[in-house]
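Scroll down for the structure; my scribbles are underneath it.
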Amino acid sequence: MLKRLQLEPSRILLNLAVIFIIALWTFPTAGLLISSLRDKNDIAASGWWTALSSADRKQVGRMKGSADQVEKDGKFVISGNLFEGADANSGKVSAFGTKVQTPGANAVGSTVALDAGQSLTVNVDGSYVLTSPTKFADERGSRVFFVSSQPPRFTLDNYQNVLFSEGIGRSFINSLTVTIPATIIPILIAAFAAYALAWMKLPFRGFLIAIIVGLLVVPLQMSLIPLLKLYNAAGTFLGVPSKTYLGIWLAHTGFGLPFAIYLLRSYIAGLPKDLIESAQIDGANDFKIFRRIVLPLCFPALASFAIFQFLWVWNDLLVAIVFLGSGPDQLVLTGKLNALLGSRGGNWEILTASAFVTIIVPLTVFFSLQRYFVRGLLAGSVKGG
Amino acid sequence: MFEQIIYAFFTVIIGVGGCFGYFYGSNWLLDRVFPANANNDASAVRNLKIQSTIRPWLFLGPALLLLSVYLIFPVIQTFWLSFHDRAGDKFVGMANYVWAFNDDQFRLSIFNNILWLAVVPALCTLMGLIIAVLTDRLWWGNLAKSLIFMPLAISFVGASVIWKFVYDYRGEGQDQIGIINAIVTYFGGSPQVWIALPFWNNFFLMAILVWIQTGFATVILAAALRGIPEDTLEAATIDGAGPFKIFFRIMVPQIYGTILVVWTTITVLVLKIFDIVLTMTNSQWDTSVLANLMFDWMFRGGGDFGRGAAIAIVIMVAVLPIMIWNIRQANKEQGGH
Amino acid sequence: MADIKLTNLNKSYGTVHILKDVNLDIKSGEFIVFVGPSGCGKSTLLRSISGLDQVSSGTLEIDNAVVNEVPPSKRGIAMVFQSYALYPHMSVFENIGFALENQGLSRAEIKTKVEAVGEMLQLTSYLTRLPKALSGGQRQRVAIGRAIVRGAKVFLFDEPLSNLDAALRVQMRMEIAKLKRDLPKTTMVYVTHDQVEAMTMADRIVVLQAGRVMQVGTPMELYENPNSVFVAGFIGSPKMNFITGAPAEKLNAKTIGVRPEHFEFSDSKTDIAGTLDYTEILGSDSFLYVTTPTGMLTVRQPGRTEFKTGQKLNLKPIAQHVHRFGEDDMRLAK
Chain U
10 MLKRLQLEPS RILLNLAVIF IIALWTFPTA GLLISSLRDK NDIAASGWWT ALSSADRKQV
70 GRMKGSADQV EKDGKFVISG NLFEGADANS GKVSAFGTKV QTPGANAVGS TVALDAGQSL
130 TVNVDGSYVL TSPTKFADER GSRVFFVSSQ PPRFTLDNYQ NVLFSEGIGR SFINSLTVTI
190 PATIIPILIA AFAAYALAWM KLPFRGFLIA IIVGLLVVPL QMSLIPLLKL YNAAGTFLGV
250 PSKTYLGIWL AHTGFGLPFA IYLLRSYIAG LPKDLIESAQ IDGANDFKIF RRIVLPLCFP
310 ALASFAIFQF LWVWNDLLVA IVFLGSGPDQ LVLTGKLNAL LGSRGGNWEI LTASAFVTII
370 VPLTVFFSLQ RYFVRGLLAG SVKGG
Chain V
2 MFEQIIYAFF TVIIGVGGCF GYFYGSNWLL DRVFPANANN DASAVRNLKI QSTIRPWLFL
62 GPALLLLSVY LIFPVIQTFW LSFHDRAGDK FVGMANYVWA FNDDQFRLSI FNNILWLAVV
122 PALCTLMGLI IAVLTDRLWW GNLAKSLIFM PLAISFVGAS VIWKFVYDYR GEGQDQIGII
182 NAIVTYFGGS PQVWIALPFW NNFFLMAILV WIQTGFATVI LAAALRGIPE DTLEAATIDG
242 AGPFKIFFRI MVPQIYGTIL VVWTTITVLV LKIFDIVLTM TNSQWDTSVL ANLMFDWMFR
302 GGGDFGRGAA IAIVIMVAVL PIMIWNIRQA NKEQGGH
Chain R
25 MADIKLTNLN KSYGTVHILK DVNLDIKSGE FIVFVGPSGC GKSTLLRSIS GLDQVSSGTL
85 EIDNAVVNEV PPSKRGIAMV FQSYALYPHM SVFENIGFAL ENQGLSRAEI KTKVEAVGEM
145 LQLTSYLTRL PKALSGGQRQ RVAIGRAIVR GAKVFLFDEP LSNLDAALRV QMRMEIAKLK
205 RDLPKTTMVY VTHDQVEAMT MADRIVVLQA GRVMQVGTPM ELYENPNSVF VAGFIGSPKM
265 NFITGAPAEK LNAKTIGVRP EHFEFSDSKT DIAGTLDYTE ILGSDSFLYV TTPTGMLTVR
325 QPGRTEFKTG QKLNLKPIAQ HVHRFGEDDM RLAK
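Protein chains in written order, with my numbering: chain U, 10 to 394; chain V, 2 to 338; chain R, 25 to 358.
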């Protein structure tokens with residue numbers, strides 16, 4: 010496009026600009042992901058951007074005393090490891106010194122001359138060698154001050170915690186239970202309706218299509234109160250709870266139908282007329298034409314809508330709260346996450362991991378089937394001037 | 002958990018199977034009652050005609066039923082409820098509306114909605130256009146676009162968690178873990194509770210929606226740009242037009258329709274915005290919008306259906322012009338036979 | 025085999041009157057071609073016969089039965105579309121067998137019939153292929169196969185050769201002619217805008233203009249005795265020459281028509297004088313484009329021509345091949 014505009018800023022500038030925008034767009038999600046993998050104390054202590062690089066820490070270690078000295082080549086040697094007994098992820102030594110004020114005085118791996126002819130070498134892995142021409146007298150080893158760099162520490166503990174102890178796993182199943190039928194049923198119903206509106210002889214066809222288009226923008230909020238009343242009444246009448254999975258499946262189907270019919274209808278109407286006419290001459294009735302010819306050919310549109318609907322239902326919060334409720338057997342992932350935000354607002358290690366569990370499914374679906382998703386968006390949206 | 006999965010599995014089978022059963026069954030029945038396949042004689046001909054009159058309604062039936070129950074009647078009923086009292090029993094005329102327009106929270110919500118409406122669609126469309134133009138000729142343009150687009154796949158709640166993290170606040174002097182405050186303190190400023198700042202907090206919430214919806218605008222506008230015929234641009238170049246002139250006088254007019262569609266679609270979405278405000282602030286600090294207000298009146302304090310319905314109608318009215326425009330557009334273009 | 029009879033047929037789409045009072049008698053087994061310029065209504069007429077479009081008024085009879093209200097699949101017709109309308113996701117076998125499925129035949133019966141048709145059209149080795157793996161000519165044969173396998177009494181062709189390139193078109197013309205020979209009892213109605221196809225394939229030609237039947241006759245009848253300027257100019261390539269002014273008045277007509285091969289060269293100044301502007305040499309013929317006071321004339325000469333560009337010529341129309349047309353552009357009696 011820029012070339013067509015006869016603008017040829019250096020390619021580098023263009024790439025930089027886009028990279029900047031992309032960075033802007035992805036850093037929030039990156040922050041979430043990285044945080045979810047950090048130890049919970051780290052999350053609270055420092056920003057996630059520091060987690061990626063090694064952090065320098067000042068430490069002190071005590072060398073072994075005279076009891077551990079050995080004689081070697083006429084000299085007396087004490088050796089050991091400064092990290093001994095310390096916690097597992099101790100890192101590497103980057104500099105060391107003998108005075109508390111100057112822990113970074115000497116480069117790691119070098120040998121330092123100390124008083125009384127002694128020399129000390131400290132290596133990257135924390136091992137040290139203290140050499141003396143005379144026998145060591147002190148039972149207590151001297152201290153070494155050093156700077157260590159800690160590698161980034163990551164853990165899956167948060168996920169483990171969240172999936173099993175916090176009930177996220179349960180909510181995951183709930184979300185699946187809601188989403189899968191709420192995706193399949195609308196496709197079926199909408200496909201038949203779309204074919205009828207595209208190719209069959211219907212009185213008031215134009216009027217029906219206009220209604221469907223109109224319903225596309227009706228806010229959900231318009232339906233909630235009456236439906237709630239309806240469900241409550243139906244529940245009392247039939248003696249069943251008013252908030253059931255069947256109820257929410259039907260609700261999502263109803264809400265998703267306008268877009269489904271709109272999308273599928275315009276696709277099916279775009280199929281070559283000859284094909285349908287040829288099939289009619291061949292003696293096929295509309296049901297046969299739909300089953301054998303139209304349905305196989307409109308698979309791309311079906312896939313597009315399926316993905317759209319899947320994402321919409323999976324990510325929905327409002328319908329789930331209203332029609333399904335908040336018990337552990339019903340609360341979907343979005344609702345659970347929302348609840349966590351309230352009850353565990355300060356525990357970022359739980360929030361970040363939970364959030365990521367919530368978004369991993371839609372992200373996977375999205376990335377692997379992006380093409381169809383985009384096509385669904387484009388349906389009817391691209392118009393000329 | 003296990004029995005839940007079993008239960009779900011069987012209900013899915015029954016639900017989906019029921020659907021299939023209806024469609025296959027009703028069509029099979031039609032073919033049986035009015036047989037038309039065997040030959041070409043008069044009764045077969047007559048039956049075929051009867052079939053083609055009944056069958057469309059078999060196809061359309063379930064959809065019409067569901068649409069009526071879940072969308073059409075509710076709309077009518079909400080309208081009716083808005084003229085009644087809190088439980089829906091007593092007729093109160095315009096009382097709910099009068100209350101609404103005098104209520105502070107309502108006015109605040111309207112004001113906030115207008116703010117959202119003014120900023121978000123325009124910003125999304127503009128950024129979408131810019132990104133579409135910039136990424137058009139990059140070899141990695143598609144990857145770039147999908148990264149911009151990715152937030153669309155994340156739920157609003159998930160996005161809220163992400164951004165709450167970004168906006169996090171620690172007291173003065175402590176290490177900031179929210180990136181915005183970290184940057185602010187790095188440059189010497191003092192950290193803020195961004196989502197509580199009066200008036201400006203709305204914009205911080207809007208940023209989330211812009212983050213999500215720009216991808217939508219980008220994808221659609223990029224497709225529209227692709228559709229502009231090369232010739233028109235080349236002719237303009239030969240005619241001596243500079244890049245900005247080409248952009249504004251040749252490109253934008255040709256995709257004007259699409260720009261409008263993007264802008265109106267996002268507008269409709271903004272009017273319905275609920276999740277973000279609920280999870281980020283729960284309407285505190287003056288961030289309330291109409292959808293949240295309605296939700297509150299529906300459920301909190303025992304529920305006041307009359308007032309909730311009135312608010313819903315207000316949202317609906319705002320959406321009406323776009324609906325009419327969409328219907329007009331749809332009537333102009335209809336395929337099939 | 026079936027007669028097709030159209031009586032006072034009219035067809036309108038809304039307020040647009042497409043077909044106007046069409047009367048036609050098509051004999052069983054005939055190969056009849058509807059021809060005419062774009063928009064003349066030939067496709068609409070075909071679709072009306074097929075039943076895909078409803079007739080607005082008048083009667084349509086197929087095999088002595090009135091079929092106005094009968095759906096297409098019950099009229100005993102088969103149609104070959106311009107785009108062939110092959111089901112893209114079905115193999116050749118399934119495409120051809122689809123109609124038989126709808127008739128409720130058993131799989132064995134379908135197999136027998138489809139294979140028979142496949143043999144007849146040399147499609148046996150392609151039966152498992154998908155349409156996108158076939159060439160244009162093969163696709164057309166599949167489309168024809170679909171029509172044959174149903175044993176329909178009437179075949180309708182809607183410009184089936186339009187999508188083919190020139191060389192393929194010639195070859196396919198021969199195939200359709202062969203089909204006509206192989207199925208002598210089947211009535212075939214063929215629509216085209218190409219008058220060469222009409223002339224070479226038809227038993228009779230129906231020339232249409234603006235929704236009306238202009239003339240019906242055998243190819244040679246139309247060639248030698250066109251009843252109007254329109255038909256005279258439509259049939260025959262290159263087009264007939266139309267001359268107005270002095271040469272026409274001399275013969276008591278508003279316009280006279282002379283085909284390019286019906287001129288003689290003379291020295292007489294009383295004949296049409298002209299200058300040779302341009303020559304097209306095809307090898308078998310030469311076409312001379314001569315500028316005259318009343319317009320440009322095309323003259324055909326067999327083989328080579330010895331005339332040179334710029335040369336002055338006198339042209340004399342051969343008397344018995346001059347067509348005279350009156351004020352209404354219709355033929356005047358000889």
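Glycine included, C-beta positions come from ideal geometry on N, C-alpha and C.
Margin query: Does the contact criterion of 3 or more C-beta pairs under 8 Å hold for the segment 216-224 of chain R versus the segment 31-38 of chain R?
Written below: no
Check: Can you list, in chain order, the residues of the segment 151-178 of chain R whose Cβ is nearer than 8 Å to any Cβ on chain V?
Finding: none
Check: Can you tell me whether DSSP reads R:H41 as helix, strand or coil?
Finding: strand
Checklist line | Exposed unless 16 or more other CB atoms sit within 10 angstroms - verdict on V:W298 | finding: buried
Notebook entry, point to check: Taking only beta-carbon atoms, is R:A140 less than 7 Å away from chain U?
Noted result: no
Item checked: Candidates V:K50, V:A223, V:G18, of which the one nearest V:L139 by Cα -> V:A223
Next item on the list: Confirm, please, whether the CB-CB distance from U:G256 to U:F319 is below 7 Å.
Entry: no
Notebook entry, point to check: Is the beta carbon of U:P267 less than 7 Å from the beta carbon of V:I316?
Noted result: no
Item checked: Contacting positions in the segment 31-51 of chain V - beta carbon closer than 9 Å to chain U -> L31, D32, A37, N38, L49
Item checked: First and last residue of the uninterrupted alpha helix (DSSP H) at V:K50 -> 43-68
Note to self: Using a 10 Å radius around the Cβ and a threshold of 16 neighbouring Cβ atoms, would you call R:Q344 buried or exposed?
What the structure shows: exposed
Checklist line | Contacts of V:K273 in chain U (Cβ-Cβ under 8 Å) | finding: P228, L229, Q230
Check: What does U:G292 reach in chain B if we use C-beta pairs closer than 7 Å?
Finding: In the displayed structure, chain B is absent; the protein chains listed are U, V and R.
Checklist line | Opening and closing residue of the alpha helix (DSSP H) in which U:F246 lies | finding: 230-247
Check: Can the beta-carbon of R:A102 be found closer than 7 Å to that of R:R163?
Finding: no
Note to self: Within 10 Å of its beta-carbon, does V:R227 have 16 or more other beta-carbons around it, so buried, or fewer, so exposed?
What the structure shows: exposed
Notebook entry, point to check: Mapping DSSP to helix, strand and coil, what is U:A269?
Noted result: helix
Margin query: I want to see whether chain V comes within less than 7 Å of U:P281, judged by CB atoms only; does it?
Written below: no
Check: Any residues in the segment 183-194 of chain V with a beta carbon nearer than 8 Å to a beta carbon of chain U? Which ones, in chain order?
Finding: A183
Checklist line | Backbone secondary structure at R:T242 - three-state DSSP | finding: coil
Item checked: Separation of U:T192 from U:D134, as counted between CA atoms -> 56 Å
Check: What residues from chain V crowd round U:T262, counting only those whose CB sits closer than 7 Å?
Finding: L67
Item checked: Nearest-angstrom beta carbon gap, U:K73 and U:P112 [assumed within contact, 8 Å] -> With a Cβ gap of about 20 Å, U:P112 and U:K73 do not count as contacting.
Note to self: Contact defined as beta carbons within less than 8 Å: I believe R:L312 pairs with R:F331. What is the distance between those atoms, to the nearest angstrom?
What the structure shows: 6 Å
Check: Where R:E304 and R:V346 are concerned, what is the direct C-alpha to C-alpha distance, given to the nearest angstrom?
Finding: 24 Å
Note to self: At the 7 Å Cβ level, is R:M103 part of the contact set with chain U, yes or no?
What the structure shows: yes
Item checked: Residue burial classification, V:D276 (beta-carbon count within 10 angstroms, cutoff 16) -> buried
Check: For U:K84 versus U:T140, is the C-beta spacing smaller than 7 Å?
Finding: yes
Notebook entry, point to check: Does DSSP put V:F300 in a helix, in a strand, or in coil?
Noted result: helix
Note to self: Considering just the uninterrupted stretch of the alpha helix (DSSP H) at R:R205, what are its terminal residues?
What the structure shows: 190-206
Note to self: Just to confirm before moving on: does the CB-CB distance between R:P155 and R:L110 stay below 7 Å?
What the structure shows: yes
Next item on the list: Measure the alpha-carbon distance for U:A97 versus V:V13 and round it to whole angstroms.
Entry: With a pLDDT of 49 at U:A97, under the threshold of 50, the modelled position of that residue is not reliable, and the figure given next carries that caveat. If I take the Cα positions, the gap works out to 50 Å.
Check: With a cut-off of 7 Å, does the C-beta of R:V79 fall near any C-beta of chain V?
Finding: no
Note to self: If I measure Cβ to Cβ from U:D77 and keep anything under 6 Å in the same chain, skipping five residues before and after, which residues do I get?
What the structure shows: I87
Notebook entry, point to check: Tell me which same chain residues have a C-beta within less than 6 Å of the C-beta of U:E358, skipping the five on either side of it?
Noted result: K49, I52, N167
Note to self: Could you pull the DSSP bridge partners for U:R152 from this structure?
What the structure shows: U:R71
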